[in-house]
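All remarks here apply to the structure that follows.
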Amino acid sequence: MDNPKSSARWMRLKEVLITTTVGWVPALALGGALRNLLYRKIFKHLGSSVYIQEGAEFIGASSIEIGDGAYIFRGVRLDGREQNSRIWIGDRVALERGVVILAGENCSIAIGENTYIGHYTCLGGPGSIKIGKDCQIASHSGIFANNHNFTDLTRKIKDQGLTCKGIVIEDDCWLGHGVTVLDGVTIGQGSVIGAGSVVTKDIPPYSIAVGAPARVIRSRKTTELITSTRNQKYLSTDSSRLPVPISDALTKVENTAELLHQCLQTFDGTVPPPLVFEKLLYALLDCIRQVMEVDTVTILLRTEAGQQLTVHASLGLEEEIAAGIKIPIGRGFAGNIAARNELMIVDDLSTVEVVSPILRNKGIQSMLGVPLLSEERMIGVFHIGTFRPRHFNRDDAHLMQLISDRLGLAIAPLLGSGKFISPNETKVGFIGSKRVEVSIEPANKLQVQCRYGASLKHLSNHFQALTQPRSLSGNWCYI
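Below, the structure written as structure tokens:
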């Protein structure tokens, strides 16, 4: 008789006998104490003070290790029967009702200490899964470390095998209800995944990601409470939110940019940004200027070649747009921010190199700038300045980064379309073979002259609705 097979049969028989004998006994009838005593004979390791509720199922218990103080509730199923499989449950892990963990051949599934796995969540190999410490995974989630091959149309999908790259969820992550994580993904430390999301690619540490497929919408590193007393009346009580007027202005820019992007998908030419979109952008810059009590607010975007920055919008430095100033990446204030991909604060501008002579001619004394990012990709620079000496502090930098995160995500799809051209290139664009001219009258009325059809008409109506004057926080900022 084959000794390994015989040993496996005996282990399985012992496992069935013990779990059948005491597995059903309610905790109130000393079932928990009995399981703690007898299950040590079948598990590879069973820690102290483990709570195993009646009705939990274990297959291949000799491949399962459970740490101290773990909680395993009714309906949990741990299956480590395959060859060279391993299931490791860390100290104080809680597996809620209905959790299923299936380890395949040569598969390791490890859950770090203090992690919570919600009701009816499924973890499956045969690829390995590693979940870090202090994670929270909500109910009905699925973490599947395998993918079916399906390229061969002459064979059934089930006969084409699997790819098994493995999944890593690092420490202190929170996955909302119904999240699905697919094979080959790493979710970085401290990340939050929104309910119902499908994670198909790596998520950087401290990110907030949502959607199917999941995309990063914000970094948690920039959501600390802004505690500066300056303009305290404008601040939200929620530490993860922007000052209310700026948040409202950003929302208008985001909504308009999304609609513009959708319309551009149907066209095969290029078009300048409609002037109402620019008007909303300038209203946002004006809000920022007033809330932060600065004299200049400027957005620079990376050129198509990627080696320079051009000024796209500015309040206080409008001359840079008229002059067509271009800043090489790696030179000057904005160029160094872009090259290093990090914020920069300059208390005295006379002490640093500047490329644009307009900065000195206008008398800028102090500046704060941050990179504009979209999913970790640098697309431009966003900076503010004052005509008087000022020391920008940590709170100012946090507020700028919050604005930059949302602004970058709004603008990036328009740049990626390849149809969104700089405002200083032309005020007249072509959509396909149709000429489009866009202008604003002083009374905030939009004129859109085109002969293209319903798409731009719908866009025009949306713009007109957004540009009706409305007062926010008194009469200091109109949007």
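In terms of this note's numbering, the sequence shown opens at residue 117 and continues consecutively.
Built from N, CA and C at the ideal position, the CB exists for glycine as well.
Measuring C-alpha to C-alpha distances from Leu194 to each of Ala226, Ser165, Arg336 identifies Ala226 as the nearest. For Ala399, the number of other beta carbons within 10 angstroms of its own is at least 16, and it is reported as buried.
In the three-state reduction of the DSSP assignment, Ser178 falls in the helix class. If you check the CB distance, Gly176 and Arg197 come in under 8 Å. Separation of the CB atoms of Thr412 and Gly440 is rounded to 18 Å, and the pair is thereby denied contact status at 8 Å. At a Cβ-Cβ threshold of 8 Å, Tyr232 and Ile253 count as neighbours. Counting along the chain, no beta strand (DSSP E) covers Leu475; the unbroken alpha helix (DSSP H) around it starts and ends at 473-477. In this structure, the alpha-carbon of Ser335 lies about 47 Å from that of Leu153.
Residue pairing by DSSP places Tyr232 opposite Ala210, Gln252 in a beta bridge. For Leu417, the enclosing beta strand (DSSP E) stretches over residues 412-418. When DSSP states are grouped into helix, strand and coil, Leu518 belongs to the helix group. According to DSSP, Asp195 shares a beta bridge with Ile175, Leu218. Counting along the chain, Phe449 sits inside the alpha helix (DSSP H) bounded by residues 448-456.
When the beta-carbon positions are compared, Gln517 and Val486 come within less than 8 Å of each other. Ranked by Cα distance from Glu420, the first of Met494, Leu146, His499 is Met494. In the DSSP assignment, Gly258 falls outside any alpha helix (DSSP H) and lies within the beta strand (DSSP E) extending over 258-260. The straight-line gap separating the alpha-carbon atoms of Lys478 and Asp402 is approximately 18 Å.
At a Cβ-Cβ threshold of 8 Å, Ile362 and Val407 count as neighbours. For Trp140, the secondary structure class from DSSP, reduced to helix, strand or coil, is coil. For Ala373, the three-state secondary structure derived from DSSP is helix. In this model, Lys249 and Arg506 are separated by some 43 Å (Cα to Cα). Taking the Cβ atoms as the reference, Gly451 lies roughly 19 Å from Ser490, outside the contact range of under 8 Å. Non-local C-beta neighbours of Ile453 in its own chain, meaning closer than 6 Å and more than five positions away in sequence, comprise Met460, Gly485, Pro487, Val497, ordered along the chain. For the set Arg156, Leu425, Ser313, Lys246, the Cα lying nearest the Cα of Ser257 is the one of Ser313. Just so you know, the alpha carbons of Asp464 and Ser482 end up roughly 5 Å apart. In the three-state reduction of the DSSP assignment, Ile188 falls in the strand class, which pools E and B. The three-state reading of DSSP puts Leu154 in helix, counting H, G and I together.
In the three-state reduction of the DSSP assignment, Arg506 falls in the coil class, being assigned neither a helical nor a strand state.
DSSP places Ile273 within a helical segment (H, G or I) once states are collapsed to three. One Cα belongs to Leu396, the other to Asn262, and the distance between them is close to 46 Å. Rounded to whole angstroms, the gap between the alpha carbons of Cys251 and Pro473 is 52 Å. With a contact defined as Cβ atoms closer than 8 Å, Ala330 and Val315 qualify at about 5 Å. Here Phe266 is exposed. Its C-beta has fewer than 16 other C-beta atoms within 10 Å.
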